[in-house]
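>
Chains as they are written, first to last, in my numbering: chain U, -14 to 269; chain C, 648 to 846.
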């Protein structure tokens, strides 16, 4: 690689920022995918990765193909949406759900649970298994939503690399699991497939926290490690959407490094399990 | 380059990190005028242990980084276990649970590359002891953006692979002993116009 003079380096950096801005604007206007208010540092990193790995010289070249060829869209989206999760990720979160939230939920005759930004489904299966263990699955409807159709299809398939199930099993045990995770999946050809009965009560749907609205009244919303990819105003929009979706005294679970502390909606929630980022909607 | 007022320091360390950082951070005064952002490779379940450990040893403020937090001078920020730490253009922090890089989350490269974008020539990047190659590409990005690169002298490092990889990728880097690095950090602070004027 040739050494660029410092000023040239800085100049090309600014061009890249312009390109990123234009690409995100184009994605929105052409396909209505709105990444314009995502936290920029991470988006920039992932667009650089996409440019490199898809073999483009510049982000403008990538933009040209994405705008003119709808088949390019899912390929780019797989870079722009982060798909990294585990079954029962952060076991202490699920332990807190089990111990502090489930007793409240038992008092309702029917329940609606929303896994917002469910990605490839790991979080969803964790909740369905937990609710089955607690005897609540049959009275619950689970909504699993994401903006990425490919991720939703994977969530609906419920098939993961078998080697990951060792960690999933360990997580499940630490979360206070009352059964064996192996009761819920079948292993074959290096893959583990979750039992299709786990999907009996699940609705999979395309939904954007950026551009879409409330669609049902929820008793529990779990949205972990999604808000960190948004800038502050967009975080406020999403939390406002959760607030408006929650029944009175409904619950909101966030990622371990996410909080409502700086949110304009902080006053509408109380902290139920502060360390585990579980909030409860206040009456007012 | 000498007219540029330094705005931030980023440090990456892996195997042997505790010992190396213990020779640096406790020497910094409470009114140190620069922020220091640090990625240490650590097991994902070791909750906040680094910030707690160094808080008690240091005069300078030490915390675990929070998402969307404005970066303050005179503060050491550790990346939380199991999250990447990034710097935004407006000098706030972002966290991310994107894929690990070199099997590491947090990743030194991710911090260095985003900080290089945000601070340009006003950034100093330091690669310390470690047993993998994380940080080498990030240090190169810092130099390409006009910033300063420092690497711990491999002979004195607990693990040599990471400083060696950084030097190979980034021959312009200044190679220093841990003592020289601490003296350099103190100099950066002493000569800084923001000294004693932070709110």
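Cβ coordinates follow ideal geometry from the N, Cα and C atoms, glycine included.
For residue 185 of chain U, count neighbouring C-beta atoms within 10 Å of its own C-beta (all shown protein chains included) and say buried if the count is 16 or more, exposed if not.
As a position in the first chain, residue 185 of chain U is number 200, starting the count at 1. It is exposed - the Cβ of residue 185 of chain U has fewer than 16 other Cβ atoms within 10 Å.
> Under 8 Å by Cβ, that's how I've got residue 253 of chain U and residue 266 of chain U pegged, so tell me the actual separation to the nearest angstrom.
The residue you call residue 253 of chain U lines up with position 268 of the first chain. The residue you call residue 266 of chain U lines up with position 281 of the first chain. Indeed, because the Cβ distance is near 6 Å, the residues count as touching under 8 Å.
> Should residue 171 of chain U be labelled buried (16 or more other beta-carbon atoms within 10 Å of its own) or exposed?
Working through the first chain from its first residue, we reach residue 171 of chain U at position 186. Exposed, because fewer than 16 other Cβ atoms sit within 10 Å of the Cβ of residue 171 of chain U.
> Pick helix, strand or coil for residue -1 of chain U, following the three-state DSSP scheme.
Here residue -1 of chain U corresponds to residue number 14 of the first chain, with the count starting at 1. Residue -1 of chain U falls in the helix class under three-state DSSP.
> From residue 168 of chain U to residue 240 of chain U, what does the alpha carbon distance come to, in whole angstroms?
Working through the first chain from its first residue, we reach residue 168 of chain U at position 183. Working through the first chain from its first residue, we reach residue 240 of chain U at position 255. The alpha-carbon atoms of residue 168 of chain U and residue 240 of chain U are separated by roughly 27 Å.
> Grouping DSSP H, G and I as helix and E and B as strand, with all else coil, what is residue 17 of chain U?
Translated into the one-based positions of the first chain, residue 17 of chain U becomes position 32. Reduced to three states, the DSSP call for residue 17 of chain U is coil.
> With a CB to CB cut of under 6 Å and the five nearest residues on each side skipped, what residues in its chain are close to residue 99 of chain U?
For this step, residue 99 of chain U is matched to residue 114 along the first chain. For residue 99 of chain U, the CB contacts under 6 Å within the same chain, skipping 5 residues up- and downstream, are 128, 203 and 206 in chain order.
> List the endpoints of the continuous alpha helix (DSSP H) containing residue 829 of chain C.
Reading the second chain from its first residue, position 182 is the one you call residue 829 of chain C. Looking at the DSSP string, the run of the alpha helix (DSSP H) that includes residue 829 of chain C is 825 to 837.
> Name, please, each residue of chain C whose Cβ falls closer than 8 Å to the Cβ of residue 29 of chain U.
The residue labelled residue 29 of chain U in the question sits at position 44 within the first chain. Here the neighbours are 761 and 764.
> When you check each C-beta in the stretch 224 to 248 of chain U against every C-beta of chain C, which residues fall closer than 9 Å?
Contact residues of the stretch 224 to 248 of chain U toward chain C are 240, 241, 242, 243, 244, 246 and 247 (C-beta to C-beta distance below 9 Å).
> Quick check on residue 38 of chain U - is its C-beta less than 8 Å from some C-beta in chain B?
Reference to chain B is not applicable here, since the protein chains of this structure are U and C.
> Along the chain, where does the alpha helix (DSSP H) containing residue 811 of chain C start, and where does it finish?
Indexing the second chain from 1 puts residue 811 of chain C at position 164. Unbroken alpha helix (DSSP H) run through residue 811 of chain C: 808 to 816.
> Name, please, each residue of chain U whose Cβ falls closer than 8 Å to the Cβ of residue 713 of chain C.
Numbered from its first residue, the second chain carries residue 713 of chain C at position 66. The answer, in chain order, is 242 and 244.
> When you compare only the Cα positions, how much space is there between residue 120 of chain U and residue 190 of chain U?
Locating residue 120 of chain U in the first chain gives position 135, counting from the first residue. Locating residue 190 of chain U in the first chain gives position 205, counting from the first residue. Answer to the nearest angstrom: the Cα atoms are 25 Å apart.
> Which residues of the stretch 721 to 744 of chain C have a Cβ closer than 7 Å to any Cβ of chain U? Give them in chain order.
727, 730, 733, 734, 735, 736, 741, 742, 743 and 744
> Mind checking who residue 722 of chain C pairs with in its DSSP beta bridge?
The residue you call residue 722 of chain C lines up with position 75 of the second chain. Note: residue 722 of chain C sits in a beta bridge opposite C:708.
> With 8 Å as the C-beta to C-beta threshold (strictly closer), list the residues of the stretch 743 to 758 of chain C near chain U in chain order.
Listed by position, the residues of the stretch 743 to 758 of chain C near chain U (Cβ gap below 8 Å) are 743, 744, 745, 746 and 757.
> DSSP state of residue 751 of chain C, grouped into three classes?
Translated into the one-based positions of the second chain, residue 751 of chain C becomes position 104. Strand at residue 751 of chain C.
> What number of angstroms, rounded off, separates the C-alpha of residue 819 of chain C from the C-alpha of residue 830 of chain C?
Reading the second chain from its first residue, position 172 is the one you call residue 819 of chain C. Reading the second chain from its first residue, position 183 is the one you call residue 830 of chain C. Going by the C-alpha atoms only, they are around 20 Å apart.
> For residue 95 of chain U, does the count of other Cβ atoms within 10 angstroms reach 16, so buried, or fall short, so exposed?
Taking the first chain and counting its residues from 1, the one referred to as residue 95 of chain U is at position 110. The residue in question, residue 95 of chain U, is exposed, as its Cβ has fewer than 16 Cβ neighbours within 10 Å.
> Taking 8 Å as the CB-CB cut-off, is residue 217 of chain U touching chain C?
Reading the first chain from its first residue, position 232 is the one you call residue 217 of chain U. It does: the Cβ of residue 217 of chain U has a partner Cβ on chain C nearer than 8 Å.
> Report all residues from its chain with a CB closer than 7 Å to the CB of residue 29 of chain U; omit the five preceding and five following residues, and keep chain order.
As a position in the first chain, residue 29 of chain U is number 44, starting the count at 1. Result list for residue 29 of chain U: 5, in chain order.
> In chain C, which residues lie with their C-beta within 9 Å of the C-beta of residue 213 of chain U?
As a working note, residue 213 of chain U is residue 228 in the first chain. Chain C residues near residue 213 of chain U: 714, 715, 730, 741, 742, 743 and 744.
> Is there contact between the stretch 675 to 683 of chain C and the stretch 704 to 720 of chain C, where contact requires at least three CB pairs shorter than 8 Å?
Yes: the two stretches touch, three or more of their Cβ pairs being nearer than 8 Å.
> To the nearest angstrom, how far is the alpha carbon of residue 43 of chain U from that of residue 36 of chain U?
Here residue 43 of chain U refers to the residue found at position 58 when the first chain is read from its first residue. Here residue 36 of chain U refers to the residue found at position 51 when the first chain is read from its first residue. One C-alpha to the other measures close to 7 Å.
> Could you check what DSSP says for residue 146 of chain U in three-state terms: helix, strand or coil?
Your numbering for residue 146 of chain U matches position 161 in the first chain. If DSSP states are grouped into helix, strand and coil, residue 146 of chain U belongs with the strands.
> What is the rounded straight-line gap between the Cα of residue 200 of chain U and the Cα of residue 211 of chain U?
Numbered from its first residue, the first chain carries residue 200 of chain U at position 215. Numbered from its first residue, the first chain carries residue 211 of chain U at position 226. Cα-Cα distance, rounded: 19 Å.
> Roughly how many angstroms separate the alpha carbons of residue 244 of chain U and residue 750 of chain C, rounded to a whole number?
As a position in the first chain, residue 244 of chain U is number 259, starting the count at 1. As a position in the second chain, residue 750 of chain C is number 103, starting the count at 1. Each residue's alpha carbon lies about 27 Å from the other.
> Between the Cα of residue 774 of chain C and the Cα atoms of C:654, C:671, C:729 and C:834, which residue gives the shortest distance?
Counted from its first residue, the second chain places residue 774 of chain C at position 127. Checked all of C:654, C:671, C:729 and C:834; the closest Cα to residue 774 of chain C is C:671.
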